[in-house]
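**Student:**
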Amino acid sequence: MAYSEKYVAKSTTIASRLLGDETIVMSTVDSTLFSLNPTASAIWEAADGKTPLSRIVQEKLYVEFDITLEQARADAEEFIAELAAHGILVVYDRPIAQ
Amino acid sequence: MSLLEEMNQKASALGIPLSAHLDITWRCNERCVHCYLDHDVKGEMSTEEIKGVIRQLAEAGTFFLSISGGEPLLRQDCFEILEYARSLRFNVKLKTNAVMIGQKEAERLQQLGIEQIQISVYSHRPEIHDAITKLPGSLRRTLDAIRRMTALGLKVSITDVLMKHNVTDGRHVQKLAKELGVAFVIDPTITPMLSGDRSILSLGLSGKELEEVFRTEEFVGNVGEFCAPSGAVDDDVLDGHSCSAGHTLVYISPFGDVFPCVQFPMPCGNLRTQSFRDIWYGSTELKELRGVTVRDLPTCSSCGHVGSCTRCPGQAYLEGSMRGPSSADCEKSYARTGIPSANMMLKSEAAMASGMAWQASAQLVQIRL
Numbered sequence: 043m044a045y046s047e048k049y050v051a052k053s054t055t056i057a058s059r060l061l062g063d064e065t066i067v068m069s070t071v072d073s074t075l076f077s078l079n080p081t082a083s084a085i086w087e088a089a090d091g092k093t094p095l096s097r098i099v100q101e102k103l104y105v106e107f108d109i110t111l112e113q114a115r116a117d118a119e120e121f122i123a124e125l126a127a128h129g130i131l132v133v134y135d136r137p138i139a140q
Numbered sequence: 042m043s044l045l046e047e048m049n050q051k052a053s054a055l056g057i058p059l060s061a062h063l064d065i066t067w068r069c070n071e072r073c074v075h076c077y078l079d080h081d082v083k084g085e086m087s088t089e090e091i092k093g094v095i096r097q098l099a100e101a102g103t104f105f106l107s108i109s110g111g112e113p114l115l116r117q118d119c120f121e122i123l124e125y126a127r128s129l130r131f132n133v134k135l136k137t138n139a140v141m142i143g144q145k146e147a148e149r150l151q152q153l154g155i156e157q158i159q160i161s162v163y164s165h166r167p168e169i170h171d172a173i174t175k176l177p178g179s180l181r182r183t184l185d186a187i188r189r190m191t192a193l194g195l196k197v198s199i200t201d202v203l204m205k206h207n208v209t210d211g212r213h214v215q216k217l218a219k220e221l222g223v224a225f226v227i228d229p230t231i232t233p234m235l236s237g238d239r240s241i242l243s244l245g246l247s248g249k250e251l252e253e254v255f256r257t258e259e260f261v262g263n264v265g266e267f268c269a270p271s272g273a274v275d276d277d278v279l280d281g282h283s284c285s286a287g288h289t290l291v292y293i294s295p296f297g298d299v300f301p302c303v304q305f306p307m308p309c310g311n312l313r314t315q316s317f318r319d320i321w322y323g324s325t326e327l328k329e330l331r332g333v334t335v336r337d338l339p340t341c342s343s344c345g346h347v348g349s350c351t352r353c354p355g356q357a358y359l360e361g362s363m364r365g366p367s368s369a370d371c372e373k374s375y376a377r378t379g380i381p382s383a384n385m386m387l388k389s390e391a392a393m394a395s396g397m398a399w400q401a402s403a404q405l406v407q408i409r410l
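If you read the protein sequences in the order shown, they are chains A and B. Numbering-wise (the working numbering), the first sequence opens with residue 43 and increments by one. Numbering-wise (the working numbering), the second sequence opens with residue 42 and increments by one.
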């Protein structure tokens, strides 16, 4: 499957905190509350707008969790699409300074 | 169970102070007749000290941060503090009387992503509101600020503290909140001053007035459900705690003093001489508080209201023991259900034994028969 490069960054309109092995994220715009599982938390923590998503998937998901690379990519795509739809994560096609 | 309840449960199990209430000043430009603070205490933490506290709270896992006072905007560094808290990704709520929030301040709050602005409004009538705040023009200025903020999409919540002075205005304030498009909360509790002075309690509602409030559908929703006596209690209730104070909630004064809650003035340490982590995990007072379950409460554990009571351990502490009853909550349970609490019955029996007729004793006997 073709995998186009992306860069993801946390929105500035969120509040977040690590709670045990999960991350809680709340939109300050609409007060939507999310609880991110450990896999999603790993992506969230690494979402600095500078690290390519492919590297995040490789280093934070594939290496640290017991899943295939394909599964890691699919999980990341699903997670990012959902949070981007809520304005929690912002997706770029080039690195950004944050 | 909601996601928020799950978060609280998890934080409690992990010993994380999920919510913190930080007063950055006790100074205020209003002098509300029912206020529990002493506005003239000197020695507030500096900007850097407060930032240090906020950083430590982030490290401890705090997510919900209420910045309050006094009037927090009286500090010239208020926005610097708010900005720092947001840079550490706290969910920040600001408690303010809003009289100092002009267009520029409202825009700044919106840019910072402040989750909610919580404001007290005591009446729709300036002569009542301003008499309570003792600041002429305060209602107009507060309402102007609310309109500015809502126009920018900020979420505002109005709290109406009901007292003898303003109890008849409650529904009008609720209507006003609706017109303004903001949330509305009633608070029928006057608490003693943190110094222990109980004189302001005389401003609170009478039992009859409290009964009327609790039977007002606009305030409580389904009156039948709200006023229904508590059902049978199970081990979950008896093995649980009265509230989150000291478990997942912490209060920090402008002077760095740490307490379980703003309404629970049991000193647990000071952040000028100790780290937050040392206080939160090491304070003997907090350890003792965390060890108290509902089952351990000598009077309340056998009370019929135990499953639904809003017992405040801080008020109980001010009455003499954190394990004791909180009389104001006994009165609320009684006003809600018509059934006296175990504490009221004990007091009644003691009064009768000493030949004194306590006001509710006759009702108590009738109900028991």
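Just so you know, even glycine gets a beta-carbon here, dropped at the ideal spot from N, CA and C. None of these values were measured; they are calculated from a predicted model.
1. Using only the alpha-carbon positions, how far apart do A/Asp117 and B/Thr340 sit?
2. Along chain A, which residues have their Cβ under 8 Å away from the Cβ of B/Gly297?
3. Counting only C-beta atoms, is B/Gly102 closer than 8 Å to chain A at any point?
4. For A/His128, which of helix, strand or coil comes out of DSSP?
5. When DSSP builds the beta bridges, which residues end up paired with A/Val71?
6. Straight-line CA distance for B/Ser374 to B/Gly323?
7. So, at 6 Å on beta carbons, what are the nonlocal neighbours of A/Gln100 in its own chain, with the 5 sequence-adjacent residues on each side left out?
8. How would you label A/Thr70, buried or exposed, when you count the other beta carbons within 10 angstroms and need 16 or more for buried?
9. If contact means a Cβ-Cβ distance below 8 Å, which residues of the segment 45-78 of chain B contact chain D?
10. B/Asn384 lies in the alpha helix (DSSP H); which residues open and close that run?
11. When we look at the beta-carbon of B/Pro354 and count the other beta-carbons within 10 Å, is it buried (16 or more) or exposed?
12. With B/Gly111 and B/Asp64 assumed to form a contact (beta carbons below 8 Å), what rounded beta-carbon distance in angstroms separates them?
13. Quick one: give me the first and last residue of the alpha helix (DSSP H) that B/Val264 is part of.
14. Can you list the beta strand (DSSP E) stretches of 3 or more residues lying completely in the segment 108-162 of chain B, in chain order?
15. How long is the line joining the alpha carbons of B/Arg130 and B/Ser87, rounded to whole angstroms?
16. Where are the beta strand (DSSP E) runs, 3 residues long or more, that stay fully inside the segment 63-109 of chain B, in chain order?
17. Rounded to whole angstroms, what's the CA-CA distance from A/Pro80 to B/Lys205? Just pull it up for me.
18. Going by DSSP in three states, B/Thr378 sits in which element: helix, strand or coil?
19. Can you give the Cα-Cα distance for B/His75 and B/Asp280, rounded to whole angstroms?
20. For B/Glu26, decide whether its Cβ has a neighbour in chain A, counting only Cβ atoms nearer than 8 Å.
21. What did DSSP end up calling B/Val406 once you bin it into helix, strand or coil?
22. Which residues in the same chain as B/Lys134 place their Cβ atom closer than 8 Å to its Cβ, once the five residues preceding and following it in sequence are excluded?
23. Please look up how many angstroms separate the CB atoms of B/Val291 and B/Ala61, rounded, as I've assumed it's under 8 Å.
24. The alpha helix (DSSP H) that contains A/Lys92, what's its start and end?
25. Quick check on DSSP: helix, strand or coil for B/Lys51?
26. In or out: B/Glu85 buried (at least 16 other Cβ within 10 Å) or exposed?
27. According to a CB-to-CB cut-off of less than 8 Å, which residues of the segment 142-166 of chain B neighbour chain A?
28. For B/Cys268 and B/Arg256, what's the separation of their Cα atoms in angstroms?
29. Kindly indicate which three-state DSSP category B/Val415 falls into: helix, strand or coil?
30. What number of angstroms, rounded off, separates the C-alpha of B/Arg239 from the C-alpha of B/Glu360?
31. Quick check: what's the CA-CA separation for B/Cys284 versus B/Thr191?
32. Give me the chain A residues within the contact set of B/Glu225, using Cβ-Cβ distance strictly less than 9 Å, ordered along the chain.
33. Can you check which of these residues, B/Ser179, B/Phe300, B/Asp275 and B/Ala139, is closest to B/Val335 by C-alpha distance?
34. Look at the alpha carbon of B/Ala391 and the alpha carbon of B/Pro301, and state the distance between them as a whole number of angstroms.
35. My output table needs one value for B/Gln400: the three-state DSSP class, helix, strand or coil.
36. Of the choices B/Cys350, B/Pro366 and B/His346, whose alpha-carbon is the least far from that of B/Leu338?
**Tutor:** On the basis of the coordinates in this document:
1. Sequence index remark: in the first sequence, residue 117 of chain A carries index 75 (1-based). Sequence index remark: in the second sequence, residue 340 of chain B carries index 299 (1-based). If I take the Cα positions, the gap works out to 53 Å.
2. Position 256 of the second sequence, counted from the first residue, corresponds to residue 297 of chain B. Simply none; closest approach about 23 Å.
3. Counted from its first residue, the second sequence places residue 102 of chain B at position 61. Yes, contact with chain A.
4. Taking the first sequence and counting its residues from 1, the one referred to as residue 128 of chain A is at position 86. Here A/His128 sits in coil by DSSP.
5. Your numbering for residue 71 of chain A matches position 29 in the first sequence. According to DSSP, A/Val71 bridges with nothing at all.
6. To locate residue 374 of chain B, count along the second sequence from 1; it is residue 333. To locate residue 323 of chain B, count along the second sequence from 1; it is residue 282. B/Ser374 and B/Gly323 have their C-alpha atoms roughly 35 Å apart.
7. Sequence index remark: in the first sequence, residue 100 of chain A carries index 58 (1-based). Contacts found: none.
8. Numbered from its first residue, the first sequence carries residue 70 of chain A at position 28. Buried.
9. This model lacks chain D altogether, as its protein chains are A and B.
10. Counted from its first residue, the second sequence places residue 384 of chain B at position 343. B/Asn384: member of the alpha helix (DSSP H) spanning Ala383 to Ala394, first to last residue.
11. Within the second sequence, numbered from 1, the residue matching residue 354 of chain B stands at position 313. So B/Pro354 ends up on the buried side.
12. For the purposes of this step, residue 111 of chain B is taken as residue 70 along the second sequence, with counting starting at 1. For the purposes of this step, residue 64 of chain B is taken as residue 23 along the second sequence, with counting starting at 1. Between B/Asp64 and B/Gly111 the Cβ distance is about 6 Å, and since that is below 8 Å, they are a contact.
13. Counting from one through the second sequence, the residue named residue 264 of chain B turns up at place 223. Unbroken alpha helix (DSSP H) run through B/Val264: Val264 to Phe267.
14. The segment 108-162 of chain B contains these whole beta strand (DSSP E) runs: 132-136 and 157-161.
15. Indexing the second sequence from 1 puts residue 130 of chain B at position 89. Indexing the second sequence from 1 puts residue 87 of chain B at position 46. Approximately 21 Å between the Cα atoms of the pair.
16. 105-109
17. In the first sequence, residue 80 of chain A corresponds to position 38, counting from 1. In the second sequence, residue 205 of chain B corresponds to position 164, counting from 1. Taking the straight line from one Cα to the other gives about 52 Å.
18. As a position in the second sequence, residue 378 of chain B is number 337, starting the count at 1. Residue state, collapsed to three classes: helix.
19. On the second sequence, position 34 is the one that residue 75 of chain B refers to. On the second sequence, position 239 is the one that residue 280 of chain B refers to. B/His75 and B/Asp280 have their alpha carbons spaced roughly 35 Å apart.
20. No statement about residue 26 of chain B is possible, as the shown extent of chain B runs from 42 to 410 and does not include it.
21. Against the second sequence, residue 406 of chain B aligns to sequence position 365. Low local confidence applies: a pLDDT of 35 at B/Val406 is under 50, so the model's placement there is unreliable, with the coordinate-based value given in what follows. Here B/Val406 sits in helix by DSSP.
22. Position 93 of the second sequence, counted from the start, is the residue given in the question as residue 134 of chain B. Within the same chain, Phe105, Leu106, Ser107, Ile108, Ile155, Glu156, Gln157, Ile158 and Gln159 come within 8 Å of B/Lys134 by CB-CB distance, once the 5 residues on both sides are set aside.
23. Stepping through the second sequence from its first residue, residue 291 of chain B is reached at position 250. Stepping through the second sequence from its first residue, residue 61 of chain B is reached at position 20. So it is a contact: roughly 5 Å between Cβ atoms.
24. To locate residue 92 of chain A, count along the first sequence from 1; it is residue 50. First-last for A/Lys92: Asp90 to Pro94, but that is the beta strand (DSSP E), not the alpha helix (DSSP H).
25. For this step, residue 51 of chain B is matched to residue 10 along the second sequence. In the structure shown, B/Lys51 sits in a helix (DSSP, three-state: H, G or I).
26. Residue numbering aside, residue 85 of chain B sits at position 44 when the second sequence is read from its first letter. When all chains shown are included, B/Glu85 counts as buried.
27. Gly154, Ile155 and Glu156
28. Position 227 of the second sequence, counting from 1, holds the residue named residue 268 of chain B. Position 215 of the second sequence, counting from 1, holds the residue named residue 256 of chain B. Taking the straight line joining both Cα atoms gives about 8 Å.
29. Limits of chain B in this structure are 42 at one end and 410 at the other, which puts residue 415 of chain B out of reach.
30. Position 198 of the second sequence holds residue 239 of chain B. Position 319 of the second sequence holds residue 360 of chain B. In a straight line, the C-alpha of B/Arg239 is about 10 Å away from that of B/Glu360.
31. Here the question's residue 284 of chain B lines up with position 243 in the second sequence. Here the question's residue 191 of chain B lines up with position 150 in the second sequence. Answer to the nearest angstrom: the Cα atoms are 32 Å apart.
32. For the purposes of this step, residue 225 of chain B is identified with residue 184 of the second sequence, where counting begins at 1. For the sequence presented, residue 225 of chain B should be read as Phe rather than Glu. What B/Phe225 touches in chain A: nothing, since even the nearest Cβ is about 17 Å away.
33. The sequence position of residue 335 of chain B within the second sequence is 294, counting from 1. Closest by alpha carbon: B/Asp275.
34. Position 350 of the second sequence, counted from the first residue, corresponds to residue 391 of chain B. Position 260 of the second sequence, counted from the first residue, corresponds to residue 301 of chain B. Spanning the two alpha carbons is a distance of roughly 32 Å.
35. To locate residue 400 of chain B, count along the second sequence from 1; it is residue 359. Low confidence applies here, because B/Gln400 scores a pLDDT of 48, under 50, leaving its location unreliable; read the following figure in that light. The answer is coil: DSSP assigns B/Gln400 none of H, G, I, E or B.
36. For this step, residue 338 of chain B is matched to residue 297 along the second sequence. Per the Cα distances, B/Pro366.
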